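Residue numbers (my numbering): 50 to 264.
For glycine and all other residues, C-beta sits at the position ideal for the given N, C-alpha and C.
Since the structure is predicted, the reported quantities are computational estimates derived from the model, not experimental observations.
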Ligand SMILES: [Zn+2]
């Protein structure tokens with residue numbers, strides 16, 4: 050017979066201690082009849098739902114942030130998103146229950162008896178939210194380039210100029226990685242188009258103009 054995981058019971062106990070007046074309408078550990086028809090960690094007591102209660106309890110966001118920081122947790126579902134703690138971050142959750150009234154936390158079977166306090170226990174501040182999206186990788190070189198420069202950095206610059214239509218791949222192919230007159234001319238065109246003095250020198254101003262375009 051399945052029993053509620055002690056870790057799940059601790060989760061609710063910690064929430065009750067921290068927010069004595071919180072609403073519990075959507076709380077739960079063991080699966081109800083509907084859950085039992087599906088493959089749910091609730092059926093074996095290894096999951097806990099904590100009610101989203103911005104007025105007198107915790108928000109689903111806060112609970113989720115703590116849970117995602119806890120090695121007992123396999124995944125969290127909250128507000129139409131699921132996070133499996135595998136580095137992929139939040140992904141859309143398309144189950145029939147959108148999980149907008151509670152945050153669902155699944156607990157590893159091997160950690161079900163681990164009754165350490167959860168992150169939302171009294172006095173523990175929540176971890177900051179992780180950045181929602183990584184900044185796009187900077188593909189353009191950080192060092193200054195000018196006519197006569199050579200190497201992979203020049204190739205990156207040339208690739209960007211091709212991408213933006215200021216020079217052709219055929220022109221690059223005459224001297225890939227070599228900052229020659231064609232690259233210089235293309236860079237001047239780019240500069241003129243983007244409000245940078247048309248010097249043919251690739252420095253901070255030009256770099257900033259490229260990065261505005263996400264390059
Ligand atoms: Zn649940």
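- Cβ contact annotation for residue 166 (same chain, cutoff 6 angstroms, sequence separation greater than five): 63, in chain order.
- Bounds of the alpha helix (DSSP H) holding residue 115 are 109-117.
- Counting C-beta pairs closer than 8 angstroms gives three or more between the region 109-125 and the region 152-161, which meets the contact rule.
- A check of alpha carbon separations from residue 105 across 220, 54, 69 identifies 69 as the nearest.
- At the C-beta level, residue 51 and residue 94 come within 7 angstroms of one another.
- One alpha carbon belongs to residue 139, the other to residue 215, and they sit about 39 angstroms apart.
- Distance between residue 218 and residue 244, taken at the CA atoms: about 24 angstroms.
- Just so you know, the alpha carbons of residue 169 and residue 209 end up roughly 48 angstroms apart.
- In the three-state DSSP reduction, residue 208 falls in the helix class (H, G or I).
- Going by C-alpha positions, residue 66 is about 15 angstroms away from residue 56.
- Looking from the CA of residue 239, the closest CA among 227, 226, 225, 264 belongs to 264.
- Collapsing the DSSP output to three states places residue 203 in a helix.
- Relative to ligand 1, residue 98 has its C-beta within less than 6 angstroms of a heavy atom.
- The region 130-144 makes no contact with the region 190-208; the number of CB pairs closer than 8 angstroms stays below 3.
- In terms of Cβ geometry, residue 128 and residue 109 form a close pair [threshold 7 angstroms].
- Counting along the chain, the unbroken alpha helix (DSSP H) around residue 242 starts and ends at 230-242.
- Counting along the chain, residue 190 sits inside no alpha helix (DSSP H), nor does DSSP assign it H or E at all.
- Closest option to residue 149, judged by alpha-carbon separation, among 252, 207, 98, 232: 98.
- Set against 6 angstroms, the gap from the CB of residue 101 to the closest heavy atom of ligand 1 is not smaller.
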